[in-house]
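This report refers to the structure that appears directly beneath it.
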């Protein structure tokens with residue numbers, strides 16, 4: 002009981018981490034043991050398919066980064082509509098954000114590619130459809146991130162700028178937005194991670210991203226253990242790099258909405 | 029009134045409004061027939077499989093190769109057009125066709141009567157057989173794989189219908205890709221995989237302790253095209269037979285299946301009268 | 253637009269919906285319990301325990317859900333439904349543990365200290381002072397996490413569980429009415445998430461007595 006009393010009494014700022022060398026040593030040992038355990042998998046298949054897989058990884062990253070950029074722009078507009086807009090626009094923005102966030106991402110991709118063309122009569126190729134779908138998803142989530150960022154700038158900044166004689170757009174662009182962007186950086190990177198994971202769903206419409214490339218190689222050469230382990234390791238690697246980036250900006254950041 | 033609740037209402041309201049708008053829209057009418065369109069644009073959009081060797085797969089750089097792509101190229105040459113490959117899967121082959129994103133699907137589509145409600149098919153362009161894949165030493169007779177045994181195949185495959193004809197109460201586990209079904213078989217999650225004989229080559233190479241069972245039926249593949257497009261359908265039917273008559277079809281088939289085709293094109297008694305100048309059947 | 257044909261498949265849709273609801277509900281409960289446990293373990297001062305939990309959460313958060321699912325189904329040998337459930341629980345609990353930890357950490361230390369000053373024991377402080385405040389703080393992020401569970405539940409179709417998204421594909425392949433099928437499925441998913449949001453909101457209101 003006294004142990005629990007101790008832990009709650011003191012404010013806990015950072016998790017206690019042991020010396021770096023010890024942790025690195027433990028992980029390295031685990032990695033070596035793991036490598037020895039999987040030595041019999043068909044790694045030659047992965048090796049031969051490496052250029053194709055790398056191209057797929059490129060596509061995954063392209064889609065993720067482009068959709069995040071587009072999503073950031075449109076998300077900012079949505080957040081502004083939600084914070085400063087008139088009643089009708091505000092509710093439209095909220096409706097859109099809630100709709101996209103409540104629907105499984107695979108449904109949104111399905112919709113954009115299969116559902117929209119018969120209605121509008123246009124022909125949509127897989128890659129543009131994937132980009133549009135991912136941008137829609139990104140914009141809804143990033144709208145919330147931007148809104149939180151904008152709200153995190155203390156009102157007094159806006160008020161002092163107003164008192165100093167600046168007006169609306171200038172205040173927004175030069176005072177509020179830069180600070181908001183800096184505050185929302187961890188959340189932004191977290192959502193890049195999320196979108197990167199969602200890109201694997203574009204297999205449904207035939208875009209050859211990293212996951213689909215791995216599946217095609219598996220279809221051709223059948224080496225599921227090696228291939229899926231490679232997929233896991235690559236995704237882990239990419240995500241780990243990104244989360245480390247988050248931690249550098251804000252050690253206490255957590256992926257909560 | 030709870031503000032949160034009020035904010036949630038616009039979502040469903042927005043959905044219903046969108047539905048109402050959309051329900052009033054009429055689908056775009058088919059304007060031009062496919063043959064004219066290809067002659068005009070100079071591009072033949074061919075839907076091919078990327079996930080079913082040897083009918084369609086990808087090479088090391090990600091380009092589609094296989095029996096389907098080669099056949100599509102031969103058809104494009106006859107048209108005097110360029111071929112552009114579009115990846116088709118069991119899930120998206122019909123929407124791709126109906127949305128004019130492909131002009132023909134040259135894959136592993138069986139021309140079920142039910143499918144002809146929404147698409148049209150050419151004459152059969154290749155034949156295969158449906159069979160089961162089991163562990164070595166297991167029963168090779170497909171009719172013995174009713175419950176409690178489990179069988180696996182992919183979602184959307186015609187194999188479900190075919191197998192249910194001989195085992196009406198079959199217990200199916202449906203995966204998204206064949207390798208997942210193979211992995212399930214290897215891990216003893218299912219007792220057999222129902223698939224085309226052509227699909228067994230890949231997994232047998234790396235797993236010699238699997239065996240192929242008896243054929244269930246002959247499975248036929250046809251090229252899938254849009255409905256009511258007779259000029260295009262005729263062209264494809266005649267081109268297939270002309271390729272057969274000139275021997276090009278057989279060359280492509282041998283390249284990918286390592287054997288001569290064991291089926292005829294159009295009829296076992298000969299090609300359609302008029303192809304290559306022939307007037308009638310039966311040896312004339 | 254051909255809506256009547258979807259009505260013919262209502263049995264399949266309902267069956268898929270049933271699978272989705274059951275696996276989502278179980279996964280929500282399971283991941284909440286497991287995530288809370290992990291989050292709580294991280295609040296203690298044991299360096300090794302914190303390290304282990306951190307490492308586990310890091311691995312879980314950075315690997316795709318489908319890889320975990322395949323690992324459980326093919327390598328660990330679980331059946332389809334259990335492997336889907338465990339994969340969902342393991343996946344979401346990584347995120348929920350972060351939410352719980354953040355929730356507790358954001359309570360200012362004076363709360364606990366006032367409790368001790370008033371003579372309450374450690375357990376009483378936790379249950380009556382910290383828990384209600386933490387619950388109120390974590391309800392919004394937990395709501396999003398639970399919605400994520402519902403959306404992620406579609407992944408179990410990769411091991412053969414015939415849930416709602418699977419049935420949507422089945423219908424759209426059989427009838428070629430992808431638009432209508434997708435619309436119906438989307439409405440059902442939105443309804444599910446609205447139920448979750450409504451439930452969590454009323455839960456949050458009831459906790460305001462603290």
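Protein chains in written order, with my numbering: chain S, 2 to 258; chain A, 29 to 312; chain V, 253 to 462. Glycine residues also receive a C-beta, built at the ideal position from the N, C-alpha and C atoms.
On the CB-based measure, 16 or more other CB atoms within 10 Å of its CB, does residue i come out buried or exposed?
| i | result |
| --- | --- |
| residue 171 of chain S | exposed |
| residue 197 of chain A | exposed |
| residue 175 of chain A | exposed |
| residue 51 of chain A | Caution is warranted here: a pLDDT of 48 is assigned to residue 51 of chain A, below 50, making its placement in the model unreliable, and no coordinate value can be reported. |
| residue 212 of chain S | buried |
| residue 349 of chain V | buried |
| residue 34 of chain S | exposed |
| residue 279 of chain V | buried |
| residue 223 of chain V | Residue 223 of chain V lies beyond the stretch modelled for chain V, which goes from 253 to 462, so this question has no answer here. |
| residue 343 of chain V | buried |
| residue 207 of chain A | buried |
| residue 66 of chain S | exposed |
| residue 163 of chain S | exposed |
Can you grab the Cα-Cα spacing for the pair residue i / residue j, in whole Å?
| i | j | result |
| --- | --- | --- |
| residue 84 of chain A | residue 143 of chain A | 21 Å |
| residue 371 of chain V | residue 361 of chain V | 16 Å |
| residue 272 of chain V | residue 274 of chain A | 55 Å |
| residue 189 of chain A | residue 410 of chain V | 21 Å |
| residue 67 of chain A | residue 91 of chain A | 25 Å |
| residue 177 of chain A | residue 202 of chain A | 14 Å |
| residue 57 of chain S | residue 216 of chain S | 11 Å |
| residue 173 of chain A | residue 180 of chain A | 11 Å |
| residue 444 of chain V | residue 435 of chain V | 14 Å |
| residue 74 of chain S | residue 140 of chain S | 8 Å |
| residue 413 of chain V | residue 212 of chain A | 14 Å |
| residue 110 of chain S | residue 132 of chain S | 9 Å |
| residue 72 of chain A | residue 118 of chain A | 21 Å |
Closer than 8 Å by beta-carbon distance: list the chain V residues that pair up with residue i, in chain order.
| i | result |
| --- | --- |
| residue 76 of chain S | Neighbours of residue 76 of chain S on chain V: none; closest Cβ ~16 Å, over 8 Å. |
| residue 201 of chain A | 332, 412 |
| residue 96 of chain S | The contacting residues do not exist; residue 96 of chain S stays about 11 Å from chain V at best. |
| residue 255 of chain A | Per Cβ cutoff of 8 Å: no residues; residue 255 of chain A is ~11 Å from chain V at best. |
Under 8 Å, do residue i and residue j count as touching if we go by C-beta distance?
| i | j | result |
| --- | --- | --- |
| residue 320 of chain V | residue 339 of chain V | yes |
| residue 81 of chain A | residue 221 of chain S | yes |
| residue 197 of chain S | residue 61 of chain S | yes |
| residue 254 of chain A | residue 125 of chain A | yes |
| residue 364 of chain V | residue 389 of chain V | no |
| residue 352 of chain V | residue 385 of chain V | no |
| residue 107 of chain S | residue 178 of chain S | no |
| residue 345 of chain V | residue 307 of chain V | no |
| residue 265 of chain A | residue 146 of chain A | no |
| residue 201 of chain S | residue 181 of chain S | no |
| residue 183 of chain A | residue 418 of chain V | yes |
| residue 341 of chain V | residue 291 of chain V | no |
| residue 261 of chain A | residue 157 of chain A | no |
| residue 103 of chain S | residue 441 of chain V | yes |
| residue 192 of chain A | residue 239 of chain A | no |
| residue 101 of chain A | residue 111 of chain A | yes |
So residue i contacts chain V; which residues on that side make the cut at Cβ distance below 7 Å?
| i | result |
| --- | --- |
| residue 119 of chain A | 421, 425 |
| residue 215 of chain A | 326, 329 |
| residue 224 of chain S | Residues of chain V passing the Cβ test: none, with the nearest at roughly 13 Å. |
| residue 197 of chain A | By Cβ distance, chain V contributes nothing, its closest Cβ being about 17 Å from residue 197 of chain A, past 7 Å. |
| residue 267 of chain A | Residues of chain V passing the Cβ test: none, with the nearest at roughly 26 Å. |
So with CB distances below 9 Å, who are the chain A contacts of residue i?
| i | result |
| --- | --- |
| residue 148 of chain S | Those do not exist, as residue 148 of chain S stays about 13 Å from chain A at its closest Cβ, beyond 9 Å. |
Kindly list, in the order they appear in chain A, the residues whose Cβ is closer than 8 Å to that of residue i.
| i | result |
| --- | --- |
| residue 418 of chain V | 183, 202 |
Taking residue i as the query, report the chain S residues whose CB atoms sit under 7 Å from its CB, ordered along the chain.
| i | result |
| --- | --- |
| residue 211 of chain A | 225 |
| residue 406 of chain V | 105, 107 |
Interface positions of the segment 43-64 of chain S facing chain V (Cβ-Cβ less than 8 Å), listed along the chain: Listed by position, the residues of the segment 43-64 of chain S near chain V (Cβ gap below 8 Å) amount to none.
Under 9 Å (Cβ pairs) to chain S, residues found in the segment 283-297 of chain V: 294, 295, 296, 297
Members of the segment 427-445 of chain V that neighbour chain S once the beta carbon cut-off is set at 7 Å: Cβ proximity to chain S below 7 Å picks out 430, 431, 434, 437, 438, 441, 442, 445 from the segment 427-445 of chain V.
Residues of the segment 180-194 of chain A whose Cβ lies closer than 9 Å to any Cβ of chain V, in chain order: 180, 183, 184
Chain V contacts from the segment 236-250 of chain S (Cβ-Cβ distance under 9 Å): 236, 237, 238, 239, 240, 241, 243, 244
Contacting positions in the segment 201-219 of chain S - beta carbon closer than 9 Å to chain A: 204, 205, 206, 207, 208, 209, 213, 214, 216, 217, 218, 219
Contact list for the segment 114-144 of chain A against chain V, Cβ threshold 8 Å: 118, 119, 122, 123, 126, 142
The segment 78-111 of chain A: positions lying closer than 8 Å to chain S by Cβ: Residues are counted here when their Cβ sits less than 8 Å from a Cβ of chain S; for the segment 78-111 of chain A these are 78, 79, 80, 81, 85, 86, 88, 89, 90, given in chain order.
Members of the segment 314-325 of chain V that neighbour chain S once the beta carbon cut-off is set at 9 Å: 314, 315, 316, 317, 318, 319, 320, 322, 323
Interfacial residues, the segment 224-241 of chain A to chain V, with Cβ spacing under 8 Å: none
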